[in-house]
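Chemist: This is the structure I want to talk about, given as structure tokens.
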Amino acid sequence: MTEQKIIGRGTWIDKLAFELIEREKQLGRNTDGIIRVESGLGASGIPHIGSLGDAVRAYGVKLALENLGYKSELIAYSDDLDGLRKIPEGLDV
């Protein structure tokens, strides 16, 4: 039986961060600088659990990259050019 290698703290997000670094190296990209992770939110609706999930996953990747010894930063943005198709239910305008 082969011994399994534990990456970082052993979570799926640590494995994802490791694979991201390996891919960047294969593509010949520099991993010595800051690796940026993004999370965004559209302005056309009320934030919901899916929006939070995106932010939490992005932050988790940032932390996992740092645990692997890389410099990382999270860029959180609001897509204010997202078209407002309708007023979300429950918002009093």
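Quick note on our numbering: the sequence shown kicks off at 14 and runs consecutively.
The beta-carbon is built from N, C-alpha and C at its ideal position, and this holds for glycine as well.
#1: What are the boundary residues of the alpha helix (DSSP H) that tyrosine 90 is part of?
#2: In whole angstroms, what is the alpha-carbon distance linking lysine 84 and leucine 29?
#3: State yes or no: is the C-beta of glycine 23 within less than 8 Å of the C-beta of asparagine 80?
#4: Let me confirm a value: isoleucine 19 is counted as buried when at least 16 other C-beta atoms fall within 10 Å, else exposed. Which label applies?
#5: Taking the alpha-carbon of tyrosine 90 as reference, which of Asp105, Ile100 and Ala71 has the nearest alpha-carbon?
#6: Does DSSP put glycine 23 in a helix, a strand or coil?
#7: In its own chain, which residues sit with a C-beta less than 6 Å from the C-beta of aspartate 67, not counting the 5 before and 5 after it?
#8: Below 7 Å CB to CB, which residues in the same chain sit around leucine 78 once its five sequence neighbours on both sides are set aside?
Modeler: To lay it out plainly:
#1: Tyrosine 90 -> not in any alpha helix (DSSP H); beta strand (DSSP E) instead, spanning 84-92.
#2: 16 Å
#3: no
#4: exposed
#5: Ala71
#6: Reduced to three states, the DSSP call for glycine 23 is coil.
#7: Cβ within range, chain order: Ser52.
#8: Non-local C-beta neighbours of leucine 78 in its own chain, meaning closer than 7 Å and more than five positions away in sequence, comprise Ala30, Ile48 and Ser85, ordered along the chain.
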